[in-house]
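Residue numbers (the numbering used here), protein chains in the order written: chain A, 19 to 341; chain B, 7 to 145.
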Amino acid sequence: MSRRPVPPLPPVARRVLRGDRQALAQLITQVENRDPAALPSVRALYPHSGHATVVGVTGPLGVGKSSLLNLLLAHLRVQGKRVGIVAVDPSSPFSGGSILGDRIRLERPPGDDGVFIRSMAARGHSGGVALATRETVRLLDAFGMDVILVETVGSGQADVEIREVASTSVVVVVPHLGDEIQSLKAGLFEIADVFCVNKSDLPGADSAARYLTEMTQLVPEKGAWRPVVVLTSTTIPSGVSDLWDAVLRHEAFLDANGSRRVRARRQLTDEILGLVRERVDARLTSVLAQEPDLQALLDRVVAREIDPYSAADRLLAEVRREP
Amino acid sequence: MSPSPPAGPIRVLIAKPGLDGHDRGAKVVARALRDAGMEVIYAGLRQTPEEIVESALEEDVNLIGLSILSGAHMALFPRVLALLKQKRASRIRVFAGGIIPDEDARRLKRMGIRAIFGPGSSLEEIVATARKLAGPSHS
Numbered sequence: 019m020s021r022r023p024v025p026p027l028p029p030v031a032r033r034v035l036r037g038d039r040q041a042l043a044q045l046i047t048q049v050e051n052r053d054p055a056a057l058p059s060v061r062a063l064y065p066h067s068g069h070a071t072v073v074g075v076t077g078p079l080g081v082g083k084s085s086l087l088n089l090l091l092a093h094l095r096v097q098g099k100r101v102g103i104v105a106v107d108p109s110s111p112f113s114g115g116s117i118l119g120d121r122i123r124l125e126r127p128p129g130d131d132g133v134f135i136r137s138m139a140a141r142g143h144s145g146g147v148a149l150a151t152r153e154t155v156r157l158l159d160a161f162g163m164d165v166i167l168v169e170t171v172g173s174g175q176a177d178v179e180i181r182e183v184a185s186t187s188v189v190v191v192v193p194h195l196g197d198e199i200q201s202l203k204a205g206l207f208e209i210a211d212v213f214c215v216n217k218s219d220l221p222g223a224d225s226a227a228r229y230l231t232e233m234t235q236l237v238p239e240k241g242a243w244r245p246v247v248v249l250t251s252t253t254i255p256s257g258v259s260d261l262w263d264a265v266l267r268h269e270a271f272l273d274a275n276g277s278r279r280v281r282a283r284r285q286l287t288d289e290i291l292g293l294v295r296e297r298v299d300a301r302l303t304s305v306l307a308q309e310p311d312l313q314a315l316l317d318r319v320v321a322r323e324i325d326p327y328s329a330a331d332r333l334l335a336e337v338r339r340e341p
Numbered sequence: 007m008s009p010s011p012p013a014g015p016i017r018v019l020i021a022k023p024g025l026d027g028h029d030r031g032a033k034v035v036a037r038a039l040r041d042a043g044m045e046v047i048y049a050g051l052r053q054t055p056e057e058i059v060e061s062a063l064e065e066d067v068n069l070i071g072l073s074i075l076s077g078a079h080m081a082l083f084p085r086v087l088a089l090l091k092q093k094r095a096s097r098i099r100v101f102a103g104g105i106i107p108d109e110d111a112r113r114l115k116r117m118g119i120r121a122i123f124g125p126g127s128s129l130e131e132i133v134a135t136a137r138k139l140a141g142p143s144h145s
């Protein structure tokens, strides 16, 4: 299976590449828990990823993202595509707990190992995805999934981080969102590669689609991608093949004009900077835990002997020191 | 590396095997577990034992909570336990709730259902039991 000679793989990575679903599931848990034990396998699997089409499905709460995902899943399975799904739901800011309910809407034949579904709590991360979403997508990619569908939290405008994970972002809306559609101008509108007007069996779908089409024609630069608008319904299943065709058109566009590379570089920059921030943050936490003079330092700031900036400089010097 | 791995939240799958018509009780329990800081994967109604175990493995849960009202527990619960064993996943502990006669409850516990909650059980008790079943590495 391996595509080029690589150093011996950690056992867990080997099990993932052999199609061991429990090994994959447990590795995802470790990644979610930021467990350093996951790192050797995550690193070793990186060269095995990069083959999947990663599609983000985002949009306000209640527009039917999960039901749409269910139709897409069936559509792709008929074509023989192996499909991974990462469904992100919010965590409670109070208890940290979460109810992850997206599986209810996802149907599949029993024992179908061409599908792997993982529910994921955002765990306080904003932007509509979890910190571990990107790594999980990559693990599913290395596992051999052809298409990975990522469903965001569904908080509307704020779910823009999907563009750092997906190669194509689908923004789902419904007729008569009214002001919601207006507000898309500033948030989701900018990240949409495909607009999906779902619940198109309801009145007002055509005018919503027309409005979105007009908006997409305002795209300024020549040669830039103009988002495709499709109509879908999940109650009277329709439009799903249009939706998937629109995704494929965007994917072909990325390949044709070289923007796939540009997008990948931007996403990796975001990821690498994120990893650096995470480590600096961890280091800062440990410095704070060990800093015996922290209280004294604070006392001096309170007493106006030194200013907060100088205190920050001192802590930064500690962070820079080798642990 | 720390001696014990960083423990994340307890992950629980809540599912209703069989043909029950409503899932109010299961939802109340799901909510209580969420409020106790757990991540609850809610699989909902009419799940086969195969679907339940498949979901539990993909979601890498610590616990499965089964809720049943229809009376089919003696057929469905042992099947879940057998599938877990077959998949070498008996680390996942199973508890249950619903309408289960005492005699059946005793037999199910002998088979490996860790705890059974009938009508009138307190949510505090369910949460505390779930915590205990998930083990000491979770706070």
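C-beta: ideal position from N, C-alpha, C; glycine also.
Local conformation of residue i per DSSP, three classes
i, result
"S113 (chain A)", "coil"
"V60 (chain A)", "helix"
"T250 (chain A)", "coil"
"G31 (chain B)", "helix"
"A92 (chain A)", "helix"
"R33 (chain A)", "helix"
"Q53 (chain B)", "strand"
"R141 (chain A)", "coil"
"P28 (chain A)", "coil"
"S96 (chain B)", "coil"
"R228 (chain A)", "helix"
"M7 (chain B)", "Legend: pLDDT at M7 (chain B) = 35, less than 50; position of this residue unreliable, no value from coordinates given."
"A13 (chain B)", "coil"
"V337 (chain A)", "helix"
"L124 (chain A)", "coil"
"A321 (chain A)", "coil"
Residue i - containing alpha helix (DSSP H), residue span
i, result
"T287 (chain A)", "277-308"
"K115 (chain B)", "108-117"
"A21 (chain B)", "A21 (chain B) -> not in any alpha helix (DSSP H); beta strand (DSSP E) instead, spanning 17-23."
"M80 (chain B)", "79-92"
"L139 (chain B)", "129-140"
"F271 (chain A)", "258-274"
"I46 (chain A)", "39-50"
Within chain A, the residues that residue i reaches when beta carbons sit closer than 9 Å
i, result
"T54 (chain B)", "P128"
"M80 (chain B)", "Those do not exist, as M80 (chain B) stays about 22 Å from chain A at its closest Cβ, beyond 9 Å."
"A95 (chain B)", "Q40"
CB-CB length for residue i against residue j, believed under 8 Å
i, j, result
"E125 (chain A)", "T186 (chain A)", "No, E125 (chain A) and T186 (chain A) are not in contact; Cβ-Cβ is about 24 Å, not under 8 Å."
"A223 (chain A)", "G74 (chain A)", "About 22 Å separates the two Cβ atoms, so there is no contact after all."
"A38 (chain B)", "I105 (chain B)", "A38 (chain B) to I105 (chain B), Cβ: 19 Å. No contact."
"W59 (chain A)", "R123 (chain A)", "This sequence places Ser at residue 59 (chain A); Trp is not what is there. Not a contact, Cβ separation roughly 31 Å."
"G82 (chain A)", "V192 (chain A)", "7 Å"
"R120 (chain B)", "L139 (chain B)", "5 Å"
Limits of the unbroken beta strand (DSSP E) element including residue i
i, result
"G104 (chain B)", "99-104"
"A121 (chain B)", "121-123"
"A210 (chain A)", "Here A210 (chain A) belongs to no beta strand (DSSP E), and DSSP marks it neither H nor E."
"L167 (chain A)", "165-169"
"D107 (chain A)", "101-107"
Neighbour list for residue i in chain B, Cβ cutoff strictly below 8 Å
i, result
"E50 (chain A)", "G14"
"T47 (chain A)", "G14, R17, D66"
"Q308 (chain A)", "Chain B residues near Q308 (chain A): none, gap ~16 Å exceeds 8 Å."
"R39 (chain A)", "L63, E64"
Listed by chain order, chain B residues near residue i by CB distance under 9 Å
i, result
"Q44 (chain A)", "D66"
Cβ of residue i within 9 Å of any chain C Cβ
i, result
"S128 (chain B)", "Chain labels in this structure do not include chain C; the protein chains are A and B."
Chain-ordered neighbours of residue i on chain A, where CB pairs are closer than 7 Å
i, result
"E45 (chain B)", "G115, S116, L118, A139"
Contact set between residue i and chain A, taken where Cβ atoms lie within less than 8 Å
i, result
"A49 (chain B)", "R121, I122"
"A186 (chain B)", "Within the shown structure, residues of chain B are numbered from 7 to 145, placing residue 186 (chain B) beyond reach of any answer."
"R37 (chain B)", "I117"
"E57 (chain B)", "P128"
Amino acids of chain B, ordered along the chain, whose beta-carbon sits closer than 7 Å to that of residue i
i, result
"I135 (chain A)", "E64"
"S84 (chain A)", "The premise fails here: S84 (chain A) is roughly 12 Å from chain B at the closest Cβ pair, so nothing lies under 7 Å."
"S110 (chain A)", "R40"
**Report entry** Three or more C-beta pairs below 8 Å linking the stretch 213-224 of chain A and the stretch 252-261 of chain A
**Finding:** yes
**Report entry** Three CB pairs or more closer than 8 Å across the stretch 230-241 of chain A and the stretch 257-264 of chain A
**Finding:** no
Query raised in the report: Are the stretch 140-147 of chain A and the stretch 33-41 of chain A touching by the rule of at least three beta carbon pairs closer than 8 Å?
Result: no
Report task. Say whether the stretch 149-165 of chain A touches the stretch 59-72 of chain A, bearing in mind that this needs 3 or more beta-carbon pairs closer than 8 Å, one atom from each stretch. Result -> yes
Query raised in the report: For the 8 Å Cβ check, are there 3 or more pairs between the stretch 103-116 of chain A and the stretch 271-281 of chain A?
Result: no
Query raised in the report: Taking three-plus beta-carbon pairs below 8 Å as touching, is the stretch 26-45 of chain B in contact with the stretch 79-92 of chain B?
Result: no
Query - Three CB pairs or more closer than 8 Å across the stretch 89-96 of chain B and the stretch 55-65 of chain B - result: yes
Query raised in the report: Looking at C-beta atoms only, is the number of pairs between the stretch 162-179 of chain A and the stretch 54-70 of chain A that lie closer than 8 Å three or more?
Result: yes
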